[in-house]
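In my numbering, the protein residues as written are 8 to 348.
Structure below.
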């Protein structure tokens, strides 16, 4: 049985692709793969490099990035189409093949230590027999999100479990994780990279300086309730160690991306079953965007909260909510004045 390397090897998408394709082509020598199959893998992986960015670090790719790559490939014109049909996107079978190709690369990357978490496991885009790739619904409804947030708030007052030392409590940390994901919508990589020094106060408002993709930073103000939980966590919920990381295990180690899902699942178990629905960290990012936009928050403000450079990207985060059209029409801005005026 092969064991995954203990340390992460940070390689770019292009470097990983080159090494993987070299391995795939070598397997044709032993007869494990046909030459034609190897070339299909090589072509798909080359497409991944173009769509994901050659210089991007493979381990930095998230489920969101994989979704974007899969959907971009789906829209890519099929060069094999007959004249006049070149503008059509990829066929469902081509999309499914592309997904299998890059999935195989990421499985290999996980095995050799190029990624900590396989981003394919966080992807919510699936290949369907008809209609090609479509994003599945990810955002929680308002009731589901409020149930999760309520459970996180209740954690602050949770009694210490019998036999558990106070320095082993993680309730405040778990509450903070869920509240930050649900209200600010950071990428999970941004959350686990956060340090205590990234949070500061300006004119009485608590801000989080988020270090995002491409070396970009953004200062996001925290809702008052979340700022209060942060304050309590820093005062009495964080292990007394010298590590600068915001989120630590009770042993004093920085949390990894995979730990965050376990925290969400643990808090979800406290939610009323009628309000409970499983969700990923990326699903909570979608939840933040969906509800901010549904409440008519300025689109550019939402873009800045999420850390996107282009407004058009918000389309990926906008999930439809049951009954929202009816609510919008009942609260029509042109009909809010008094009758007769």
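We put the beta carbon where it would ideally sit given N, CA and C, even for glycine.
Since the structure is predicted, the reported quantities are computational estimates derived from the model, not experimental observations.
If you check the beta carbons only, do residue i and residue j fall under 9 angstroms apart?
i	j	result
residue 289	residue 44	no
residue 212	residue 193	no
residue 186	residue 236	yes
residue 108	residue 55	yes
residue 15	residue 122	yes
residue 63	residue 119	no
residue 312	residue 225	yes
Rounded to whole angstroms, what's the CA-CA distance from residue i to residue j? Just pull it up for me.
i	j	result
residue 351	residue 24	The requested residue 351 does not occur in the structure, where the chain is confined to residues 8 to 348.
residue 277	residue 158	6 angstroms
residue 242	residue 314	29 angstroms
residue 271	residue 82	33 angstroms
residue 102	residue 77	8 angstroms
residue 269	residue 249	25 angstroms
residue 279	residue 246	30 angstroms
residue 96	residue 29	29 angstroms
residue 22	residue 223	23 angstroms
residue 128	residue 287	10 angstroms
residue 111	residue 49	12 angstroms
residue 176	residue 306	39 angstroms
residue 300	residue 281	25 angstroms
residue 232	residue 33	57 angstroms
residue 291	residue 308	18 angstroms
residue 216	residue 230	14 angstroms
residue 184	residue 218	17 angstroms
residue 209	residue 304	22 angstroms
I'd like the list of long-range same chain contacts for residue i, defined as Cβ closer than 7 angstroms, with 5 residues on each side in sequence excluded.
i	result
residue 42	35
residue 6	Residue 6 is absent from the model: the chain starts at 8 and stops at 348.
residue 436	An answer regarding residue 436 cannot be provided, because it is not within the stretch 8 to 348 covered by the chain.
residue 234	213
residue 61	19, 20 and 21
residue 80	54, 58, 97, 102 and 105
residue 295	189, 190, 191 and 192
Are there 16 or more other CB atoms within 10 angstroms of the CB of residue i, so buried, or fewer, so exposed?
i	result
residue 201	buried
residue 265	exposed
residue 178	buried
residue 297	buried
residue 244	buried
residue 31	buried
residue 37	exposed
residue 310	buried
residue 59	buried
If you drop the 5 nearest sequence neighbours on each side, which residues of the same chain put their C-beta closer than 6 angstroms to that of residue i?
i	result
residue 125	113 and 117
residue 207	214
residue 18	65 and 121
residue 191	227
residue 262	199 and 254
residue 136	Bear in mind that the predicted position of residue 136 carries a pLDDT of just 37, short of 50, making it too unreliable to give a figure here.
residue 302	none
residue 143	Only weak support exists for where residue 143 lies, its pLDDT of 48 falling under 50; the coordinates are left without a value.
Starting from the C-beta of residue i, find all residues in its chain whose C-beta is less than 8 angstroms away, skip the five residues before and the five after it, and write them out in chain order.
i	result
residue 220	67, 194 and 314
residue 259	246, 248 and 250
residue 153	282
residue 130	70, 73, 74 and 77
Please check the pair residue i and residue j, which I expect to be a contact at CB under 8 angstroms, by giving their CB distance rounded to whole angstroms.
i	j	result
residue 182	residue 149	The Cβ separation is near 20 angstroms, so there is no contact.
residue 132	residue 72	The Cβ separation is near 11 angstroms, so there is no contact.
residue 251	residue 197	Between residue 197 and residue 251 the Cβ distance is about 16 angstroms, and since that is not below 8 angstroms, they are no contact.
residue 47	residue 163	Not confirmed; about 54 angstroms, so no contact.
residue 274	residue 155	7 angstroms
Kindly say whether residue i, judged by its beta-carbon, lies nearer than 9 angstroms to any beta-carbon of chain B.
i	result
residue 283	Chain labels in this structure do not include chain B; a single protein chain is all it has.
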